[in-house]
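These protein sequence lines are chains Y and V, in that order.
Position one of the first sequence corresponds to residue 1 (the numbering used here), numbered consecutively onward.
Position one of the second sequence corresponds to residue 385 (the numbering used here), numbered consecutively onward.
Report on one structure; see the data block that follows.
2 protein chains.
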Amino acid sequence: MSDDERLARVALSRLGEPGDPRLTALVAELGAVAVCDYLREERDATGVATDVAARLHGLDPAGDLERAHREGIRFVVPGDAEWPTRLADLDRCPPLNGRGGAPLGLWVRGGARLAEVVDRSVAVVGSRSATTYGTGVAGEIAAHVATAGVTVVSGAAFGIDQAAHRGALAARGPTIAVLACGVDRAYPAAHRDLLAYVAETGLVVSELAPGCAPTKLRFLSRNRVIAALSLGTVVVEAAIRSGALNTAHWASLTNRVLMGVPGPVTSAPSEGVHELLRTRDAALVTRGGDVLELVSPSGSFTQLPVRGEVRPTDRLSETDRQVLDAVPVRLPAPAGSVARTAGLADPTVRAALERLRDGGFVVAGPAGWRLAGSTLPDPGGPAP
Amino acid sequence: MSDDERLARVALSRLGEPGDPRLTALVAELGAVAVCDYLREERDATGVATDVAARLHGLDPAGDLERAHREGIRFVVPGDAEWPTRLADLDRCPPLNGRGGAPLGLWVRGGARLAEVVDRSVAVVGSRSATTYGTGVAGEIAAHVATAGVTVVSGAAFGIDQAAHRGALAARGPTIAVLACGVDRAYPAAHRDLLAYVAETGLVVSELAPGCAPTKLRFLSRNRVIAALSLGTVVVEAAIRSGALNTAHWASLTNRVLMGVPGPVTSAPSEGVHELLRTRDAALVTRGGDVLELVSPSGSFTQLPVRGEVRPTDRLSETDRQVLDAVPVRLPAPAGSVARTAGLADPTVRAALERLRDGGFVVAGPAGWRLAGSTLPDPGGPAP
């Protein structure tokens, strides 16, 4: 991409709202230079330069880049080695809540290379008002996938986002915070240190130019970047109006893997996730391994099916198990009585009892058969 | 069905194991009279009557029926008005864990008519070692569907089963307990009163003749009856080796609706349910309404989609919302500053601010605009 185009994108990233679908569509079609030229000449009915034109004239994109550079911030645009090409999927999606299109560029802070770290990445998002259950599970999942070298993408918010970043950091894995404000700002302010840690080992990323403040609309815009950067999105807890459901919607629109962690049906922060699982074909995940399996090439992370403990009786034949079930726990019973309880023929039961005795499952005494490992009750003690 | 056939089925119900697929298949093909005749003549290589033949000769089916009648127990067979015809689906399923086929007959205790009460019915099953979460949800769901006139079918076990029956009883709805022992027995013994209540308003049902004891195999056999009697099965909590998963499997085999209630992924009793939701296409349900919708004719129980609260700002245009987001909470800011934060043109913002003031969202003062309903901080108080 030419320097002019890069500068024009810097200017537009400050002038317009991120993810304004009219702007992203125009830039995708004509390029940022042409769009800037057009806007710069815009005049109202009386021939006076419009407000937009005036603001565009007042911008200093080259200075912006220089000041950003001094703060360790770079502006990555399509065509750069670091640009994640999968963001182009956003140009093929319809707008959602008035936002859409690929970002004009991304402001990036941190030592990692963006395209490299998102190559294998998963978004872990959810409610700010999360429960300890939710933050616990989010942290576990993030740590698990980070240990496997998968980057955890999230939004640095309170609750699930914070737990996801922390889980990845604790596992010394890469993590990316995508903000709805300039990457030089800490939002929420309480996460200043968290964002500094994220920038050290991973990246802090935003569509918004340095200095820009977060707004609700910018969060909606940011959510589409979180979803599109990642191979899949895991929603851990999300109440019915949670922004995480917006991220989930973007994951579906961009054909990413959408995953949800269930929780108690009595817990409001799990309601939105259950809706995703019911109505959006989100995949139910319960642990990091499930997530890895879903975002990895087929077969490379297949897990063994979950099995309960193997019990000694598992290897018994059906008949032997049936007879064993009919043997009393404590008070011995004759073989005929066992046969009646089991509903099996006498000779069958007698043969089975001998096999079970050889296997150590039952013991025989003068009064008949009882389970091994059980003792007669103390005749002087209380009734069992 | 002839009296002979009924008596032959009584005899076989005492002689064989319930759900023995060899027996159920033979009876389905030849009828119980022919099977009894064949077994009665069976002799071993030396010409001596086999054990089975001897036991068959010792039975007294007519006496069995009479004794049962005196205890308020009847034996319902195919062809009876009370016989639920949908049980025939079991004859079209492959065996599972060595059990299969339609019951030869059902021993029934209670005043309700079996076919009538199962016409609209749902099984609610789960772990004996349930959590208070699980029993709470099971009880809620059972009460909700029972209030709508849907019969709750379960197994009278501790935990989820008990909660399901109680929920239905509390809602004065019909409920059916399907036992793995004779309907004259209370298993578990602690549920003697519960079973008595169930029989008063609903039914206690079993394949096993009065007096028979429960065994593990009989529980497996019983589970297929629970699943096949109902239009659908809801699994509330089930550890990986829970018998409720066997019931779930039978629900799938008989093409009933299989439903699962999710829970915390950290809770072992929810693990089995999550596996069902992941691998068996069980439908995720979170409340009684979900269950009613799934087991009712299309459209008759459709619920409104879950929505969050409606907020006053919901009806604002996108631009107005964008401007509102940029208005400071406490310290007033001039319109130009709001415009810069919002990233919108000045005239747009000024017009929006006036609309927002008229709507009561913002207030204007000499120093500019701030959100309505917020007050200036007390200058003498601590910093906010």
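We treat Cβ as the ideally placed atom computed from N, Cα and C, and that holds for glycine.
Quantities reported herein were computed from a predicted structural model and do not represent experimental measurements.
Is the CB-CB distance between residue i and residue j below 8 Å?
i, j, result
"Arg504(V)", "Thr469(V)", "no"
"Ala486(V)", "Leu474(V)", "yes"
"Thr519(V)", "Ile544(V)", "yes"
"Ala496(V)", "Ser538(V)", "no"
"Leu316(Y)", "Ala228(Y)", "no"
"Pro214(Y)", "Ala171(Y)", "no"
"Val509(V)", "Leu490(V)", "no"
"Leu203(Y)", "Thr233(Y)", "no"
"Val137(Y)", "Val295(Y)", "no"
"Arg278(Y)", "Pro332(Y)", "no"
"Pro264(Y)", "Ala130(Y)", "no"
"Val33(Y)", "Glu5(Y)", "yes"
"Val747(V)", "Arg739(V)", "no"
"Glu293(Y)", "Ser127(Y)", "no"
"Ser206(Y)", "Val178(Y)", "yes"
"Pro594(V)", "Glu466(V)", "no"
Starting from residue i, trace the beta strand (DSSP E) in both directions and tell me its first and last residue.
i, result
"Ser154(Y)", "Thr151 to Ser154"
"Val649(V)", "Premise fails: Val649(V) is in no beta strand (DSSP E) and is neither H nor E."
"Arg74(Y)", "Ile73 to Val76"
"Leu587(V)", "Leu587 to Ser590"
Tell me the DSSP secondary structure of residue i in three-state form.
i, result
"Ala367(Y)", "coil"
"Thr559(V)", "strand"
"Arg109(Y)", "strand"
"Gly616(V)", "strand"
"Arg695(V)", "coil"
"Ser803(V)", "Absent from the structure is residue 803(V), since the part of chain V shown begins at 385 and ends at 768."
"Ala541(V)", "coil"
"Val257(Y)", "strand"
"Ala282(Y)", "coil"
"Leu443(V)", "coil"
"Ala452(V)", "helix"
"Val48(Y)", "coil"
"Arg671(V)", "coil"
"Arg43(Y)", "strand"
"Arg330(Y)", "coil"
"Leu114(Y)", "helix"
"Val338(Y)", "helix"
"Ala183(Y)", "Note that residue 183(Y) corresponds to Val in the displayed sequence, not to Ala. Three-state result, Val183(Y): coil."
"Arg393(V)", "helix"
"Arg128(Y)", "coil"
"Leu194(Y)", "helix"
"Leu480(V)", "strand"
Under a Cβ-count criterion, where at least 16 other Cβ atoms within 10 Å of its own Cβ denotes burial, should residue i be classed as buried or exposed?
i, result
"Glu401(V)", "buried"
"Thr341(Y)", "buried"
"Pro763(V)", "A caution first: Pro763(V) carries a pLDDT of 39, below 50, which makes its placement in the model too unreliable to give a value."
"Tyr187(Y)", "buried"
"Thr247(Y)", "buried"
"Thr254(Y)", "buried"
"Arg776(V)", "Residue 776(V) lies beyond the range of chain V shown here (385 to 768); nothing can be said about it."
"Glu318(Y)", "exposed"
"Leu604(V)", "buried"
"Ala756(V)", "exposed"
Just how far apart, CA to CA, sit residue i and residue j?
i, j, result
"His453(V)", "Ser636(V)", "35 Å"
"Gln546(V)", "Val567(V)", "16 Å"
"Asn223(Y)", "Ala719(V)", "28 Å"
"Gln706(V)", "Gly557(V)", "52 Å"
"Ala552(V)", "Arg671(V)", "14 Å"
"Leu56(Y)", "Pro78(Y)", "22 Å"
"Asp464(V)", "Pro478(V)", "25 Å"
"Pro768(V)", "Ala189(Y)", "Only weak support exists for where Pro768(V) lies, its pLDDT of 36 falling under 50; the value from the coordinates is given anyway. Their Cα atoms are separated by approximately 13 Å."
"Ala326(Y)", "Ala339(Y)", "8 Å"
"Ala751(V)", "Ala667(V)", "57 Å"
"Gly442(V)", "Asp435(V)", "11 Å"
"Gly272(Y)", "Thr266(Y)", "12 Å"
"Ser230(Y)", "Val27(Y)", "23 Å"
Would you kindly report the start and end of the unbroken alpha helix (DSSP H) that includes residue i?
i, result
"Thr247(Y)", "Gly243 to Leu253"
"Cys212(Y)", "From DSSP, Cys212(Y) is part of no alpha helix (DSSP H); its letter is neither H nor E."
"Tyr422(V)", "Ala416 to Arg424"
"Ile525(V)", "Thr516 to Thr531"
Hey, is residue i close to the ligand SAH, as in C-beta under 7 Å from one of its heavy atoms?
i, result
"Val508(V)", "Because no ligand of any kind appears in the structure shown, any question about the ligand SAH cannot be addressed here."
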